[in-house]
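S.K.: Starting off with a structure, shown below.
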Amino acid sequence: MPPIVLQNLPGHAETLTSPPTVGDRLLSAEEFEALPESGGSCELINGVVHPLMSNTFLHSRIAFRIGYLIEAHVLAAKLPVLVACGEVGVITQVGPPASSRAADLAVISKERLPELPKTGFLRVMPELLVEIISGANTWTDTFEKIYEYFEGGAKLVWIVDPAMQEVRVFKSAKENDLLRISDTLSGGDVLPGFSVPVTEIFAA
10 MPPIVLQNLP
20 GHAETLTSPP
30 TVGDRLLSAE
40 EFEALPESGG
50 SCELINGVVH
60 PLMSNTFLHS
70 RIAFRIGYLI
80 EAHVLAAKLP
90 VLVACGEVGV
100 ITQVGPPASS
110 RAADLAVISK
120 ERLPELPKTG
130 FLRVMPELLV
140 EIISGANTWT
150 DTFEKIYEYF
160 EGGAKLVWIV
170 DPAMQEVRVF
180 KSAKENDLLR
190 ISDTLSGGDV
200 LPGFSVPVTE
210 IFAA
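Residues in the sequence shown are numbered consecutively from 10, following the numbering used here.
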């Protein structure tokens with residue numbers, strides 16, 4: 010499949026632009042992490058704080074369902090990975106300028122993360138990250154995240170589109186497959202043995 014470009018996505022003909030300047034200086038990852046509002050209500054993009062809208066019920070429901078399906082497989086297969094969902098803070102660029110993203114779901118191996126951090130954001134890139142398209146969370150914003158995730162060492166990124174009931178599986182920033190409702194989603198090398206019909210992700 011040819012590399013995905015924004016202009017080829019249904020209803021999206023945006024071009025990537027620089028975020029607006031906020032404040033009088035760029036923040037470091039540590040300064041952003043110390044902000045009281047950084048716990049999921051905003052992201053740091055190239056040193057600039059960007060607010061996030063609250064997720065819709067459908068968005069949160071799908072994130073939970075994906076997390077449940079993955080966790081059930083992880084426990085049954087006794088895979089040495091950790092699963093987290095709900096605006097998972099991941100520092101994608103130490104900088105300067107620094108960036109810290111909020112992923113809808115993350116799967117990271119215990120090899121990469123031997124000890125569960127008690128505080129703070131992830132400073133090690135998870136192998137798998139999931140982003141759900143909804144509300145103000147456009148393909149333009151999500152595509153920027155995809156690049157940051159892979160630059161940081163991600164192996165797999167799933168982009169879930171509830172409106173189209175589709176999942177785009179990225180194996181790199183330029184290599185992806187489109188899965189529709191009748192297809193099956195697998196975990197590849199990150200989640201050996203994981204396989205679920207796409208329809209299960211969007212089930213009520």
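We put the CB at the ideal spot given by N, CA and C, even for glycine.
Here the structure is a predicted model, which means the values were calculated and not measured.
Where do the N-terminal and C-terminal ends of the alpha helix (DSSP H) with ILE79 fall, by residue?
M.R.: 66 to 86
S.K.: Would PHE152 and VAL166 qualify as a contact pair, given that the criterion is a beta-carbon distance under 8 Å?
M.R.: no
S.K.: Around the C-beta of ALA43, are 16 or more other C-beta atoms found within 10 angstroms, so that it is buried, or is it exposed?
M.R.: exposed
S.K.: Note the first and the last residue of the continuous alpha helix (DSSP H) segment covering ASP38.
M.R.: One detail in the question is off: residue 38 reads as Ala in this sequence, not Asp. Looking at the DSSP string, the run of the alpha helix (DSSP H) that includes ALA38 is 38 to 43.
S.K.: What residues in its chain sit with their C-beta under 8 Å from that of ALA212, if we drop five residues either side in the sequence?
M.R.: Excluding residues within five positions, the ones whose Cβ falls inside 8 Å are ARG74.
S.K.: Report buried or exposed for HIS59, applying the criterion of at least 16 other Cβ atoms within 10 angstroms of its Cβ.
M.R.: HIS59 should be labelled exposed.
S.K.: In whole angstroms, give me the CA-to-CA distance for VAL205 and VAL83.
M.R.: Going from the Cα of VAL205 to the Cα of VAL83 covers about 13 Å.
S.K.: Mind checking if ALA112 is an interface residue toward chain C, Cβ cutoff 8 Å exclusive?
M.R.: As a matter of chain content, chain C is missing from the structure shown, which is built from one protein chain.
S.K.: Hey, is the stretch 62 to 76 in contact with the stretch 109 to 118, meaning 3+ C-beta pairs nearer than 8 Å?
M.R.: yes
S.K.: With distances taken Cα to Cα, identify the nearest neighbour of PRO89 among PRO105, ARG121, VAL99.
M.R.: ARG121
S.K.: Looking only at its chain, what residues have a beta carbon closer than 7 Å to the beta carbon of VAL199, apart from the 5 residues adjacent to it on each side?
M.R.: Within the same chain, Cβ atoms closer than 7 Å to the Cβ of VAL199 are found at VAL116, GLU136, LEU137, LYS164, LEU165, the five residues on either side in sequence being excluded.
S.K.: Are there 16 or more other CB atoms within 10 angstroms of the CB of LEU125, so buried, or fewer, so exposed?
M.R.: With fewer than 16 Cβ atoms within 10 Å of its Cβ, LEU125 is classed as exposed.
S.K.: Keeping to the same chain, check which residues put their C-beta closer than 8 Å to that of PHE41; ignore five residues upstream and five downstream.
M.R.: SER47, LEU53, VAL58, ALA107, SER109
S.K.: Run the CB neighbour count on MET62, radius 10 Å, all protein chains shown included, and call it buried at 16 or more, exposed below.
M.R.: That one is exposed.
S.K.: What span of residues does the beta strand (DSSP E) with ASP198 cover, start to end?
M.R.: Element bounds for ASP198: n/a, residue is neither H nor E.
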